[in-house]
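Since the structure comes first, as C-alpha cells, the remarks are kept for the end.
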Amino acid sequence: MGKSRRKQKVIPPPQLPPDVPEEDIEFSDEDLKYVEENTEYARFVSRLDTAAINKQCGGRVKTVEDKYEEERSKKKTIQEEKGNGEILVDPVDVLPVKTLDGKLHYRTESKKSKLAEAETNEAEKDVLDDDNILNKSQRREKAKKSKREAKKHEKDLPNDILLEEETPQAALLAEVKEELSAEETFENKKNKLAELGMLLLSDPEANIKSLKEMLDICKDENTKIVKLGFLSLLAVFKDIIPGYRIRLPTEKELEMKISKEVKKTRFYESTLLKAYKSYLQKLIIFEKLSVYNQIANRCLCTLLEAVPHFNYRDNLLIAVVRNISSPDEVVRRLCCSTIRSLFSNEGKHGGELTVQAVRLIADHVKAQNCQLHPNAIEVFMSIRFDEDIGKRDKEDEHNKKYKKNNKRKAQEEQNQVQENERKKSKQEMMSKIRDEVSADYRGVTYEPDAKERRKMQTETLSAVFETYFRILRNTMYTIGERTEENPTSNPGAFGSHPLLAPCLDGLAKFTQQLDLDYIGDLMNYLKKLASSSSVSNNTKQKNSKLLTVSERLRCCLVAFKVMRSNLNALNVDLQDFFVQLYNLILEYRPGRDSGVVLAESLKIMLCDDRHQDMQKAAAFVKRLATFALCFGCAESMSALVTLKTLLQKNVKCRNLLENDAGGGSVSGSIAKYQPYATDPNLSGALATVLWELSLLSKHYHPAISTMATTVSNMNTSQSQTFLSAVTPQQAFADFSLVKESFELKNESRKLNKRKRESLPEEAKNAPEIDMVKLSKKLKENFTILRDIKEDERERMELQSEKKKPLKKQNNVVKKKLKNPKSKKKI
Amino acid sequence: MRPLDETETTVVFEKLFKFVGNNLKKIVENPSDEGPESTPGSYCFRLQKNRVYYVSEALVKRATNISRKNLVSFGTCIGKYTHAGSFHLTIMSLNILAANAKHKVWLKPTSEMSFLYGNHVLKGGLGRITDSIVPGDGVVVFSMSDVPLGFGIAAKSTQDCRTLDPNGIVVLHQADIGEYLRGEDDL
Numbered sequence: 000m001g002k003s004r005r006k007q008k009v010i011p012p013p014q015l016p017p018d019v020p021e022e023d024i025e026f027s028d029e030d031l032k033y034v035e036e037n038t039e040y041a042r043f044v045s046r047l048d049t050a051a052i053n054k055q056c057g058g059r060v061k062t063v064e065d066k067y068e069e070e071r072s073k074k075k076t077i078q079e080e081k082g083n084g085e086i087l088v089d090p091v092d093v094l095p096v097k098t099l100d101g102k103l104h105y106r107t108e109s110k111k112s113k114l115a116e117a118e119t120n121e122a123e124k125d126v127l128d129d130d131n132i133l134n135k136s137q138r139r140e141k142a143k144k145s146k147r148e149a150k151k152h153e154k155d156l157p158n159d160i161l162l163e164e165e166t167p168q169a170a171l172l173a174e175v176k177e178e179l180s181a182e183e184t185f186e187n188k189k190n191k192l193a194e195l196g197m198l199l200l201s202d203p204e205a206n207i208k209s210l211k212e213m214l215d216i217c218k219d220e221n222t223k224i225v226k227l228g229f230l231s232l233l234a235v236f237k238d239i240i241p242g243y244r245i246r247l248p249t250e251k252e253l254e255m256k257i258s259k260e261v262k263k264t265r266f267y268e269s270t271l272l273k274a275y276k277s278y279l280q281k282l283i284i285f286e287k288l289s290v291y292n293q294i295a296n297r298c299l300c301t302l303l304e305a306v307p308h309f310n311y312r313d314n315l316l317i318a319v320v321r322n323i324s325s326p327d328e329v330v331r332r333l334c335c336s337t338i339r340s341l342f343s344n345e346g347k348h349g350g351e352l353t354v355q356a357v358r359l360i361a362d363h364v365k366a367q368n369c370q371l372h373p374n375a376i377e378v379f380m381s382i383r384f385d386e387d388i389g390k391r392d393k394e395d396e397h398n399k400k401y402k403k404n405n406k407r408k409a410q411e412e413q414n415q416v417q418e419n420e421r422k423k424s425k426q427e428m429m430s431k432i433r434d435e436v437s438a439d440y441r442g443v444t445y446e447p448d449a450k451e452r453r454k455m456q457t458e459t460l461s462a463v464f465e466t467y468f469r470i471l472r473n474t475m476y477t478i479g480e481r482t483e484e485n486p487t488s489n490p491g492a493f494g495s496h497p498l499l500a501p502c503l504d505g506l507a508k509f510t511q512q513l514d515l516d517y518i519g520d521l522m523n524y525l526k527k528l529a530s531s532s533s534v535s536n537n538t539k540q541k542n543s544k545l546l547t548v549s550e551r552l553r554c555c556l557v558a559f560k561v562m563r564s565n566l567n568a569l570n571v572d573l574q575d576f577f578v579q580l581y582n583l584i585l586e587y588r589p590g591r592d593s594g595v596v597l598a599e600s601l602k603i604m605l606c607d608d609r610h611q612d613m614q615k616a617a618a619f620v621k622r623l624a625t626f627a628l629c630f631g632c633a634e635s636m637s638a639l640v641t642l643k644t645l646l647q648k649n650v651k652c653r654n655l656l657e658n659d660a661g662g663g664s665v666s667g668s669i670a671k672y673q674p675y676a677t678d679p680n681l682s683g684a685l686a687t688v689l690w691e692l693s694l695l696s697k698h699y700h701p702a703i704s705t706m707a708t709t710v711s712n713m714n715t716s717q718s719q720t721f722l723s724a725v726t727p728q729q730a731f732a733d734f735s736l737v738k739e740s741f742e743l744k745n746e747s748r749k750l751n752k753r754k755r756e757s758l759p760e761e762a763k764n765a766p767e768i769d770m771v772k773l774s775k776k777l778k779e780n781f782t783i784l785r786d787i788k789e790d791e792r793e794r795m796e797l798q799s800e801k802k803k804p805l806k807k808q809n810n811v812v813k814k815k816l817k818n819p820k821s822k823k824k825i
Numbered sequence: 000m001r002p003l004d005e006t007e008t009t010v011v012f013e014k015l016f017k018f019v020g021n022n023l024k025k026i027v028e029n030p031s032d033e034g035p036e037s038t039p040g041s042y043c044f045r046l047q048k049n050r051v052y053y054v055s056e057a058l059v060k061r062a063t064n065i066s067r068k069n070l071v072s073f074g075t076c077i078g079k080y081t082h083a084g085s086f087h088l089t090i091m092s093l094n095i096l097a098a099n100a101k102h103k104v105w106l107k108p109t110s111e112m113s114f115l116y117g118n119h120v121l122k123g124g125l126g127r128i129t130d131s132i133v134p135g136d137g138v139v140v141f142s143m144s145d146v147p148l149g150f151g152i153a154a155k156s157t158q159d160c161r162t163l164d165p166n167g168i169v170v171l172h173q174a175d176i177g178e179y180l181r182g183e184d185d186l
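Dropping the structure here:
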C-alpha cells in the first residue's frame with residue numbers, strides 16, 4: 000500500500016486524476032498474494048478519502064522543482080486559455096479557414112501573406128520557365144501543382160472577402176489580440192520549427208512530410224520566423240540529403256509493380272526532392288530581397304558546399320555565381336569561399352561543377368563588361384590543374400595495345416587450329432560481358448574516367464584564359480579610348496580596372512598551362528599595357544582610367560614570369576619591358592604605389608636574369624643609385640641590394656665606381672651620360688660616376704650607409720665577390736616603415752655584427768611601453784645620432800687600421816680610451 | 000662626294016630602319032663633337048664612289064678640299080651600291096647599328112667562330128635573343144660579353160625559335176667582323 004502511495008506522490012500534483020495511476024501501478028506478485036490472503040486488512044482502503052490524502056501528500060512533498068513546474072503549467076494553461084479566448088472573442092469570424100490540403104489560415108495572416116504568396120507563385124512560375132533541367136514529367140507535375148494552388152487561391156479569396164465584409168470590427172479586434180500575442184506565437188513557431196527539425200533529424204523516412212510544414216512556416220510574414228525557418232531547413236537538408244543524386248522514376252517504371260519498400264523509398268525521395276526544390280526556389284527568390292539577402296545567400300552557399308552532387312546543383316551554382324561580386328561584403332566573401340571550396344574539393348562533384356562555375360564566371364565577366372569586384376576572379380587561383388591525368392591514360396592505352404597484340408597473336412594461333420573456335424566464341428562472349436559490366440560500372444560511379452577529366456580540364460582552362468584575355472583586352476580598349484578622345488565616362492563602382500590585378504596574378508600562376516601559340520599575343524598585350532601611359536604623359540591628362548605604376552610593373556613582372564616558365568631553354572631578352580622598368584623606377588612614388596611590387600620586379604627582372612648587357616646594366620645601376628637617394632629606407636635598401644648584385648655580376652660596370660668620368664674604353668658610342676634618356680641602352684651611363692654612393696654612405700640609417708660603403712669599396716679587379724643572400728624583396732620587407740619603427744633589431748643582422756651586439760641591449764634597456772611618445776622619439780633620434788657617429792668612428796678606425804697594420808695594438812688601446820669619451824660626448 | 004638623292008635616301012634609311020627601328024632618328028640627329036666649332040654639328044650621309052659614308056658636317060666641310068678622284072674614304076662607310084644598283088650595308092656600319100640595335104642575338108662562345116667565318120646563326124648557337132623578332136627584321140649579333148660580331152636578317156621569329164630544332168637557321172648572315180680579315184681588299 001505504501002508503495003502505491005509513494006508512486007502517487009511522484010506524479011506531479013496538478014495532473015493527478017484519481018483513477019489513472021491505479022492502472023499504472025505495478026504490484027509485485029508478493030503484494031498481490033498478501034492482499035488476497037488478507038482481504039480483511041485491506042478493507043480500509045475502500046474507505047479511504049483519496050482526495051484528502053492526495054492533497055496532503057501534495058502539500059507535504061512539494062519541493063522547489065514541483066513548485067516551479069506547477070507555475071509553468073499554470074502559465075501554460077493560462078496561455079492556452081488566452082489563445083482560446085482570442086478565438087473565442089468572436090467565434091464565427093476568427094475561426095481559421097481550413098483549405099483543401101489541411102492548412103489553417105488565420106484571417107489576418109492570410110490577408111497579408113496572400114499577397115506575398117501570389118508574388119511567390121508568379122516568381123515560382125518564372126523560375127520554372129527558366130528551369131531548363133526539368134524533364135517533362137517534372138514540368139507536368141509543376142503545372143499541376145500551380146494549377147492546384149491557383150484553385151486554392153480562388154477558394155480562399157471569396158472566403159476572406161466574405162469574412163471581411165461581415166465583421167470588420169471583429170477582425171480589428173482580432174488583429175489587436177494577435178499583435179498582443181505576437182511574441183507568443185513567435186515563440187510557438189520557433190518551438191514548432193525546432194520540434195519538426197528534431198523529428199526530421201531523428202527519423203527522416205517517417206517524418207518526411209513535416210518538411211512541407213516547415214516550408215509553410217517559411218511563408219510567414221515575420222522576417223525572423225522566415226529566417227529561422229530557412230536556417231533550420233538548411234540544417235535539416237544538409238543532414239538528410241543522401242549521398243547520391245535522386246532520379247525520379249519514369250512512367251514506365253511507375254507502371255511496374257514494386258515492393259512496398261521500394262514504394263516507400265520512392266515516396267520518400269520524391270517528397271524530399273519536391274521539398275528541396277521548392278525550398279531552393281524560395282531561396283532564389285528571397286535572395287533578391289534585401290532583407291533576406293544575406294540569409295538566403297548563406298543557405299545557398301552552404302548547400303552548394305555541402306551537397307554539390309545533389310539535384311538542382313546547377314541552379315544553386317547560378318545563384319551563387321550571380322552574387323560573386325555582390326556589393327555586400329559578407330555575401331561576396333561567402334560566395335567566393337564557397338566557389339573556392341568547390342574548386343579545391345573536386346572529388347565531391349567529379350569536376351563537372353568546376354567547369355560550369357568557371358564558364359558561368361566567364362559569362363558573368365562578359366556580361367558585366369569586366370566591371371566586377373576583384374574577388375570574382377581571384378577564385379580562379381584555387382583551381383588546380385593536374386598534369387598527370389593524360390599520362391596515366393596513355394599508359395593504359397599502351398597496355399591495351401600490348402594486350403591487343405597478344406590477342407592478335409592468340410587469334411592467329413586459333414585460326415591455325417580450328418578446334419579452338421568454340422573457345423574463341425566463348426572468349427568473345429566473356430569480353431563482351433566484361434565490357435558491359437565496366438560500362439555499367441562507369442555509369443554508376445561518379446568518378447569520370449581520365450579522358451573525360453582531361454576534357455573537362457581543358458574546357459576549364461580555356462574558360463579561365465578566355466576570361467583573362469577578355470580582361471586584358473577590355474583594359475586595353477578603355478585605355479585606347481582614353482587616349483583617342485577624352486571620354487567623360489566614369490569608372491565603375493570597383494575602380495577603373497578592378498580585374499586587372501587578379502587577372503595578372505592568375506596569368507602568372509597558370510602560365511605553364513598556356514598554349515605556346517598564345518604567348519606571342521599575350522606578350523603583345525602586356526607590352527601595350529605596360530607602356531600604356533607613356534603616351535599619355537605627353538598629353539598630360541589626368542585620368543583615373545590610366546594604369547597605375549604598380550599595375551604596369553605587374554605587367555612587366557607577369558611577362559617575365561611567362562617567359563621564364565615557358566621558354567626556359569631559350570634565353571629571351573625582354574628589352575621592351577626593361578625599358579618600361581627603367582622609366583617606371585622614376586615614376587614610382589612611395590605612398591601611391593606598392594613598394595612590394597617594385598621590389599619583386601627588381602628581384603625578378605634584374606637580379607634573377609642570368610645575363611645583362613653592359614650598357615643596360617650600367618644604366619640600371621646608375622638609376623637605382625639615383626632612386627636610392629630619393630626615397631625611404633625600404634626603397635633605397637632594396638635598390639642598393641639590386642645595385643650590388645648587378646655590380647657583382649657585371650664586372651665592367653664597376654668602372655662606375657672609379658673616380659674618373661668618361662668610362663674609358665667601355666663607354667660605347669655615347670660620350671656623355673644622359674639622365675633623361677628613356678632607353679637604358681642609349682643613356683650612356685658608363686660615362687658617369689656613381690657619386691650617389693658617397694652621399695648614401697652618410698645616410699642617417701646605419702644599415703644603408705654601411706651597405707653603400709661596402710658597395711663603393713667593391714674592387715674592379717675582383718672577379719667574384721661573395722653573393723649577398725638578401726633579395727630586394729626581403730630587404731624591402733625588413734625595412735618597410737610598418738615593421739621598422741627603429742627597433743634596430745633585424746636591421747643590422749648581417750651587416751654589422753658589432754652593432755648588433757651593442758644595440759639590442761640598449762633597445763632593451765629603454766622602457767618599452769610606459770614611456771610617453773615624445774620621450775620614445777627622442778630616444779630613437781638619440782640612437783640614430785649615436786649610430787651615425789659610431790659608424791663614422793668605426794670607419795675611420797678601419798681605414799687607419801688598413802694603413803697602419805703595425806700599429807694595431809696601439810689602436811686597440813686607443814679605442815679603449817676613446818670609447819668612454821665618445822659616449823660622454825653624446 | 001655628294002649628298003644622297005631622294006630615292007637613295009629612302010633606300011638607305013629603310014635598310015637602317017630594319018635594324019634600329021625608331022632609333023634611326025637618333026642616328027640622324029646624333030650631335031658630333033668633331034672639329035673646332037663651339038656649336039656641335041650633326042652627322043650626314045654622303046655618297047662617294049658608290050659608297051655611302053656617315054660623316055660629321057665638320058669633316059664634310061674639310062673634305063671638300065680634296066677632289067672626288069683623290070678622296071678614298073672619310074667618316075664611317077656604312078654601305079655600298081652594288082653593280083646591280085642595290086644597297087648593301089657593310090661591316091663598318093656595325094658600330095652604329097650595335098649602339099642603336101632593336102633586335103639582338105647573343106651567341107654562345109662555342110659558335111662565335113662559326114659565325115665569324117661567315118656562317119649563319121643556328122639555333123644551337125643561340126645564347127640569348129630579344130623577344131618580338133619578326134622574320135625579316137635586321138638583327139645585330141653579339142658575343143656573350145656584349146661585343147658586336149656582325150649582323151644579319153632574322154629567319155625565324157622569337158616564338159618559332161623555341162620549337163626549332165638545333166640545326167635550324169635563326170639569323171641569315173650578312174656581315175661579320177671576320178670580313179676585316181677575309182675581305183681586306185674589298186673594304
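Sequences listed follow chains A and B, in order. Numbering that gives the first Met the number 0 numbers the first residue of the first sequence as 0 and each following residue consecutively. Numbering that gives the first Met the number 0 numbers the first residue of the second sequence as 0 and each following residue consecutively. From the three backbone atoms N, C-alpha and C, an ideal C-beta is built for every residue, glycine too. Nothing here was measured: the structure is a model prediction, and the numbers come from that model.
1) For the putative contact between Y53 (chain B) and I90 (chain B), defined by C-beta atoms under 8 Å, what is the C-beta separation to the nearest angstrom?
2) Going by DSSP, which residues form a beta bridge with A174 (chain B)?
3) Counting only Cβ-Cβ distances shorter than 9 Å, please list the residues of the region 567-593 of chain A near chain B, keeping chain order.
4) Exposed or buried, which one is G182 (chain B) when buried takes at least 16 other CB atoms within 10 Å?
5) Identify every run of the alpha helix (DSSP H) within the region 613-665 of chain A, keeping only runs that are complete inside it and at least 4 residues long; order them along the chain.
6) Using C-beta distances below 6 Å, list every residue in its chain close to F559 (chain A), excluding the 5 sequence neighbours before and after it, in chain order.
7) Once DSSP output is grouped into helix, strand and coil, what is the label at H87 (chain B)?
8) Just checking: is the beta-carbon of M872 (chain A) within a distance shorter than 8 Å of some beta-carbon in chain B?
9) Can you find the residues in the same chain that come closer than 7 Å, C-beta to C-beta, to Q337 (chain A), ignoring five residues on each side of it along the sequence?
10) If L498 (chain A) sits next to L359 (chain A), beta carbons under 8 Å apart, how far is it from one beta carbon to the other, in whole angstroms?
11) So does the region 776-791 of chain A actually touch the region 698-711 of chain A, counting three or more Cβ pairs closer than 8 Å?
12) I'd like to know if the region 640-655 of chain A and the region 111-127 of chain B are in contact, where contact means that at least 3 CB-CB pairs between them fall below 8 Å.
13) Taking only runs that begin and end inside the region 8-81 of chain B, name each unbroken beta strand (DSSP E) of 3 or more residues, in chain order.
14) Quick check on the DSSP output: what are the complete alpha helix (DSSP H) runs of length 4 or more inside the region 95-137 of chain B, in order along the chain?
15) Between P164 (chain B) and chain A, is there a C-beta pair that is closer than 8 Å?
16) Roughly how many angstroms lie between the CA atoms of L583 (chain A) and V548 (chain A), to the nearest whole one?
17) With H, G and I counted as helix, E and B as strand and the rest as coil, what does DSSP make of V140 (chain B)?
18) Once you ignore the five residues that flank A507 (chain A) on each side, which residues in its own chain have a CB closer than 8 Å to its CB?
19) Suppose the cutoff is 8 Å on Cβ atoms and the five residues either side in sequence are ignored; what does the same chain contact list for T157 (chain B) look like?
20) Using C-beta distances below 6 Å, list every residue in its chain close to L528 (chain A), excluding the 5 sequence neighbours before and after it, in chain order.
21) Using 8 Å as the threshold, is the C-beta distance between N649 (chain A) and A616 (chain A) below it?
22) Select from A:E435, A:L546, A:A295, A:A205 the residue whose C-alpha is nearest the C-alpha of L471 (chain A).
23) Which bits of chain A does T157 (chain B) rub up against, with CB to CB less than 7 Å?
24) Determine contact between the region 159-174 of chain B and the region 115-122 of chain B, defined as no fewer than three beta-carbon pairs at a distance below 8 Å.
25) Kindly indicate which residue of B:A100, B:M143, B:V139, B:K24 has the alpha-carbon position closest to the one of Q173 (chain B).
26) Give me the DSSP bridge partner(s) of D572 (chain A).
27) Flag this pair as yes or no: are the beta carbons of F509 (chain A) and A633 (chain A) separated by less than 8 Å?
28) Can you pull the chain B neighbours of D612 (chain A), defined as C-beta to C-beta under 9 Å?
29) Would you mind giving the Cβ-Cβ distance between P373 (chain A) and P248 (chain A), rounded to the nearest angstrom? I have them listed as a contact below 8 Å.
Well, looking at it:
1) For the purposes of this step, residue 53 (chain B) is identified with residue 54 of the second sequence, where counting begins at 1. For the purposes of this step, residue 90 (chain B) is identified with residue 91 of the second sequence, where counting begins at 1. Contact flag wrong, Cβ pair sits at about 14 Å.
2) Along the second sequence, one-based indexing puts residue 174 (chain B) at 175. Looking at the DSSP output, A174 (chain B) bridges to B:F150.
3) Cβ contacts with chain B: A568, L569, N570, V571, D572, L573, Q574, D575, F576.
4) Along the second sequence, read from residue 1 onward, the residue named residue 182 (chain B) stands at position 183. So G182 (chain B) ends up on the exposed side.
5) Qualifying alpha helix (DSSP H) stretches, in chain order: 613-629, 632-648.
6) As a first step, residue 559 (chain A) is located in the first sequence; it is residue number 560 there, counting from the start. So the qualifying residues of the chain are I603, M604.
7) For the purposes of this step, residue 87 (chain B) is taken as the residue at position 88 of the second sequence. Secondary structure at H87 (chain B): strand, using DSSP grouped into helix, strand and coil.
8) Here chain A has residues from 0 to 825 only, and residue 872 (chain A) is not among them.
9) Start at 1 with the first residue of the first sequence, and residue 337 (chain A) comes out as number 338. According to the sequence shown, residue 337 (chain A) is Thr rather than Gln. For T337 (chain A), the CB contacts under 7 Å within the same chain, skipping 5 residues up- and downstream, are C300, L303, E304, V319 in chain order.
10) Here residue 498 (chain A) refers to the residue found at position 499 of the first sequence. Here residue 359 (chain A) refers to the residue found at position 360 of the first sequence. Here L498 (chain A) is actually not in contact with L359 (chain A); their C-beta atoms are around 16 Å apart, not less than 8 Å.
11) Flag = yes, the region 776-791 of chain A and the region 698-711 of chain A touch.
12) In the pairwise beta carbon analysis, the region 640-655 of chain A is classified as not touching the region 111-127 of chain B: fewer than three pairs are separated by under 8 Å.
13) DSSP runs (the beta strand (DSSP E)) wholly in the region 8-81 of chain B: 40-47, 50-55, 75-80.
14) Taking 4 residues as the shortest admissible run, the region 95-137 of chain B contains the following complete alpha helix (DSSP H) segments, listed from N- to C-terminal end: 108-115.
15) The residue given as residue 164 (chain B) occupies position 165 in the second sequence. Pro is not the amino acid found at residue 164 (chain B); the sequence shown has Asp there. Not one chain A Cβ lies under 8 Å of D164 (chain B).
16) Taking the first residue of the first sequence as position 1, residue 583 (chain A) is located at position 584. Taking the first residue of the first sequence as position 1, residue 548 (chain A) is located at position 549. So the alpha carbons of these two residues sit roughly 7 Å apart.
17) Counting from 1 along the second sequence, the entry for residue 140 (chain B) is found at position 141. Looking at V140 (chain B) - three-state DSSP - the assignment turns out to be strand.
18) Along the first sequence, one-based indexing puts residue 507 (chain A) at 508. Within the same chain, and ignoring the five residues on either side of A507 (chain A) in sequence, the residues whose Cβ sits closer than 8 Å to its Cβ are L556, V557, K560, V561.
19) Start at 1 with the first residue of the second sequence, and residue 157 (chain B) comes out as number 158. The beta carbon of T157 (chain B) sits closer than 8 Å to those of I128, T129, D130, S131, I132, all from its chain and outside the five residues before and after it, given in chain order.
20) Counted from its first residue, the first sequence places residue 528 (chain A) at position 529. The beta carbon of L528 (chain A) lies closer than 6 Å to those of C554 in the same chain, with the five residues before and after it left out.
21) Residue mapping note: residue 649 (chain A) aligns to position 650 of the first sequence, counting from 1. Residue mapping note: residue 616 (chain A) aligns to position 617 of the first sequence, counting from 1. A distance below 8 Å separates the beta carbons of N649 (chain A) and A616 (chain A).
22) Within the first sequence, numbered from 1, the residue matching residue 471 (chain A) stands at position 472. In terms of Cα proximity to L471 (chain A), the closest of A:E435, A:L546, A:A295, A:A205 is A:L546.
23) To locate residue 157 (chain B), count along the second sequence from 1; it is residue 158. Near T157 (chain B) (Cβ distances below 7 Å), the residues of chain A are V571.
24) A contact exists between the region 159-174 of chain B and the region 115-122 of chain B.
25) For the purposes of this step, residue 173 (chain B) is identified with residue 174 of the second sequence, where counting begins at 1. Nearest C-alpha to Q173 (chain B): B:V139.
26) Walking along the first sequence from the start, residue 572 (chain A) turns up at place 573. Its beta-bridge partners are B:T129.
27) Numbered from 1 along the first sequence, position 510 holds the residue referred to as residue 509 (chain A). Numbered from 1 along the first sequence, position 634 holds the residue referred to as residue 633 (chain A). Not a contact, by the Cβ cut-off of 8 Å.
28) As a working note, residue 612 (chain A) is residue 613 in the first sequence. Simply K103, W105, F141, D145.
29) As a position in the first sequence, residue 373 (chain A) is number 374, starting the count at 1. As a position in the first sequence, residue 248 (chain A) is number 249, starting the count at 1. With a Cβ gap of about 47 Å, P373 (chain A) and P248 (chain A) do not count as contacting.
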